[in-house]
Amino acid sequence: MEERLYDLIFICRPATPEEDINKIVATLEHSATEHGGKVEKTEKWGTRRLAYRVEKHREGFFVYMVVRSTQGDIIKELERRLKVSDVVIKYQTIRLDEELKRQQKLVHHRERRASHRPRKQAPPAPQQQVPSTPAEQTAAG
Amino acid sequence: MSDQPTQVPPAAPEATPAPSTPHAEGHSSGGASRREGSSGGGGGQRREGGSGGPGGPGGPGGPRRGGKRQFFRKKKVCRFCVERVDFIDYKKVEMLQPFLQERGKILPRRMTGTCSRHQRWLGEAIKRARNIALLPFATEL
């Protein structure tokens, strides 16, 4: 199976001490490497306001991770761990590699088109003439 | 200014039988300012409020008022196409925010001028952001 890229975001309770969050991140990284994957990036966004209430919290501590793996099972395991954890109130995993592939394809396509037929210098756009209305018309009444 | 007041009365009774009288009156009262405002989002809203048919800018009862009816609508351009965006990131909330209504609804294409492809990506990004509490599903009262 080819390699896949995932975005993983989870939200902790706002009152969680930093150590607990670090612990969660460490366990996630550990289980990721155990299942033949790799955590490429971990970002702590810090406490942010939630757009709606989640488990009666209005704020949450966001952690963002990028996971790369050839095994799809890794996500199952990571999500199981997040679900079990009491501190985590919300999580979301998104597979991104296909979209990135699409993006690269578009960029490639554009570059090829640009190199194949160099665009002629477009003539200066004709000045848009605003249809002038008789402004003298007085508003009756 | 130079128009004689006697010119106005013949036009007004002519307009009374038509159902579009309140429309025309509203137009004449704030004619100039409306026209200027129509280049932005206001144009779309106005259209929705009125007949909004596919008849175009001319609308019903156009010829009576002559040039006054034909207001100039600026062509909306897809903001993402201009900036050559190949991937709309759901994590950049401030980028998605302008495409939401106050209550959290996604703005339709006819308001923002986004092309169909980018609107599709945008909707996906907004829905992802909603799922992880970055954007609201609906704002509370």
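Line by line, the protein sequences are chains U and L. Each position in the first sequence, counted from 1, maps to that position plus 836 in my numbering. Each position in the second sequence, counted from 1, maps to that position plus 6 in my numbering. From the three backbone atoms N, C-alpha and C, an ideal C-beta is built for every residue, glycine too.
> Are residue 841/U and residue 914/U closer than 8 Å when you measure CB to CB?
Replying inline: The residue you call residue 841/U lines up with position 5 of the first sequence. The residue you call residue 914/U lines up with position 78 of the first sequence. For residue 841/U and residue 914/U, no; Cβs fall outside 8 Å.
>> Whether or not the stretch 863–878 of chain U and the stretch 905–922 of chain U are in contact is what I'm after, with contact meaning three or more pairs of Cβ atoms, one per stretch, closer than 8 Å; do they touch?
In response: yes
> Roughly how many angstroms lie between the CA atoms of residue 918/U and residue 877/U, to the nearest whole one?
Replying inline: Position 82 of the first sequence, counting from 1, holds the residue named residue 918/U. Position 41 of the first sequence, counting from 1, holds the residue named residue 877/U. Taking the straight line from one Cα to the other gives about 17 Å.
> Out of curiosity, what's the CA-to-CA distance linking residue 99/L and residue 90/L?
Replying inline: Locating residue 99/L in the second sequence gives position 93, where the first residue counts as 1. Locating residue 90/L in the second sequence gives position 84, where the first residue counts as 1. Using only the alpha carbons, I get a separation of about 19 Å.
> Whose C-beta lies closer than 6 Å to the C-beta of residue 810/U among residues of the same chain, with five residues either side of it excluded?
Replying inline: Past the edges of chain U, shown from 837 to 977, lies residue 810/U, and the structure says nothing about it.
>> 8 Å is my cut-off, CB to CB: does residue 882/U come that close to chain L?
In response: In the first sequence, residue 882/U corresponds to position 46, counting from 1. False, the Cβ-Cβ gap to chain L never drops below 8 Å.
>> Considering only the alpha carbon of each residue, which of 78/L, 122/L and 134/L lies closest to residue 85/L?
In response: Here the question's residue 85/L lines up with position 79 in the second sequence. It is 122/L whose Cα lies nearest to the Cα of residue 85/L.
> Is DSSP giving residue 877/U helix, strand or coil here?
Replying inline: Within the first sequence, numbered from 1, the residue matching residue 877/U stands at position 41. Strand at residue 877/U.
> Quick one, which of 79/L, 105/L and 82/L has its alpha-carbon nearest residue 130/L's?
Replying inline: The count along the second sequence starts at 1 and reaches residue 130/L at position 124. Nearest C-alpha to residue 130/L: 105/L.
> If contact means a Cβ-Cβ distance below 9 Å, which residues of the stretch 891–907 of chain U contact chain L?
Replying inline: 896, 898 and 900
>> Considering just the uninterrupted stretch of the alpha helix (DSSP H) at residue 913/U, what are its terminal residues?
In response: Here residue 913/U corresponds to residue number 77 of the first sequence, with the count starting at 1. Its alpha helix (DSSP H) spans residues 909–920.
> Among residues of its own chain, excluding the 5 on either side of residue 890/U, which ones have a beta-carbon nearer than 6 Å to its beta-carbon?
Replying inline: Start at 1 with the first residue of the first sequence, and residue 890/U comes out as number 54. Cβ neighbours of residue 890/U beyond the five flanking positions: 925 and 926.
>> Buried or exposed for residue 125/L, going by 16 or more other Cβ atoms inside 10 Å?
In response: Taking the second sequence and counting its residues from 1, one reaches residue 125/L at position 119. Buried, by the Cβ-count rule.
> Should residue 874/U and residue 904/U be called a contact, given that it needs their Cβ atoms to be closer than 8 Å?
Replying inline: Within the first sequence, residue 874/U is the residue found at index 38, counting from 1. Within the first sequence, residue 904/U is the residue found at index 68, counting from 1. Yes, they are a contact pair.
> Can you round the beta-carbon distance between residue 93/L and residue 939/U to whole angstroms, since I take them to be within the 8 Å contact cut?
Replying inline: The residue given as residue 93/L occupies position 87 in the second sequence. The residue given as residue 939/U occupies position 103 in the first sequence. That pair is a contact at about 4 Å.
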